[in-house]
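Okay, structure first, notes after.
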Amino acid sequence: MRSIVLNLQLACKKKQGLPKKKDFLRWVQCAVSSCYHQKNSKEITVRIVDKAESRILAMIYLGKNQPTNVLSFHFTAPPEIKSSLLGDLVICRQVVEFEARQQKKKLESHWAHMTIHGSLHLLGFNHILDREVLTMESLEIKIMHKLGYLNPY
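For the sequence shown, the numbering used here begins at 4 and goes up steadily by one.
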């Protein structure tokens with residue numbers, strides 16, 4: 004499996020009960036290796052935040068005045084600079100926990116899904132058009148199954 008450098012930032016007040024760095028690494032690694040076929044390593048930052056930070060970022064980047072589960076910030080280096088950085092994921096702890104309860108999903112499975120979903124955005128996948136939705140969701144399901152989780156949809 005190709006090498007992933009994971010920078011995990013815990014920027015939320017309550018840190019107990021969060022997935023471990025090795026979990027985030029496994030989820031990101033599986034997503035990247037499922038659709039990225041170059042041999043060089045990739046770097047990603049996963050930042051776990053509270054609702055206040057998520058709300059601010061959602062307002063700035065999505066124009067929505069509410070926190071969201073995951074935001075993906077893809078990084079593209081200027082052509083003259085070689086970089087292994089894929090980008091950053093910002094995941095809101097409270098939203099992920101609320102959604103897992105609301106959708107009656109196992110919390111670990113929902114954390115995995117949100118991490119994989121965000122990672123796929125960093126790899127260029129989207130869900131704006133219907134055909135993009137089908138492509139992205141089927142890939143998420145495949146990756147989740149590969150990791151031993153149920154279909155998140």
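Note that beta-carbon positions come from the ideal geometry of N, C-alpha and C, so glycine has one too.
Predicted model only: the values in this text are computed from it and were never measured.
Can you round the beta-carbon distance between Leu-21 and Ile-47 to whole angstroms, since I take them to be within the 8 Å contact cut?
-> About 17 Å; that fails the 8 Å criterion.
Around the Cβ of Leu-89, are there at least 16 other Cβ atoms within 10 angstroms (buried) or fewer (exposed)?
-> buried
CA-to-CA distance, Glu-83 to Val-73, given in whole angstroms = 30 Å
Alpha carbon to alpha carbon, how far is Leu-65 from Gln-97?
-> 19 Å
Minimum C-alpha distance to Asn-68 - residue among Ser-57, Phe-78, Lys-17 and Asp-133 = Ser-57
The segment 139 to 151 contacting the segment 109 to 129, beta-carbon criterion three pairs below 8 Å = yes
With 8 Å as the threshold, decide whether the Cβ of Lys-17 is near any Cβ in chain D.
-> The chain labelled as chain D is not found in the depicted structure, where only one protein chain is given.
Going by beta carbon distance, what residues of the same chain come within less than 8 Å of Leu-142, once the five residues before and after it are set aside?
-> Ser-37, Cys-38, Leu-123 and Phe-128
Expressed to the nearest angstrom, what Euclidean distance is found between the alpha-carbon atoms of Glu-102 and Ser-44?
-> 32 Å
Find out if the Cβ-Cβ distance for the pair Leu-92, Ser-112 is shorter than 8 Å.
-> no
Rounded distance between the beta-carbons of Leu-9 and Leu-28, thought under 8 Å = 5 Å
Where the alpha helix (DSSP H) containing Gly-121 begins and where it ends | 110 to 125
C-alpha gap between Met-4 and Tyr-156, whole angstroms | Its pLDDT being 47, under 50, Met-4 is placed unreliably by the model, and the measurement read from it follows with that caveat. Their backbone Cα atoms lie some 27 Å apart in a straight line.
Residue interval of the beta strand (DSSP E) (run including Glu-46) = 45 to 52
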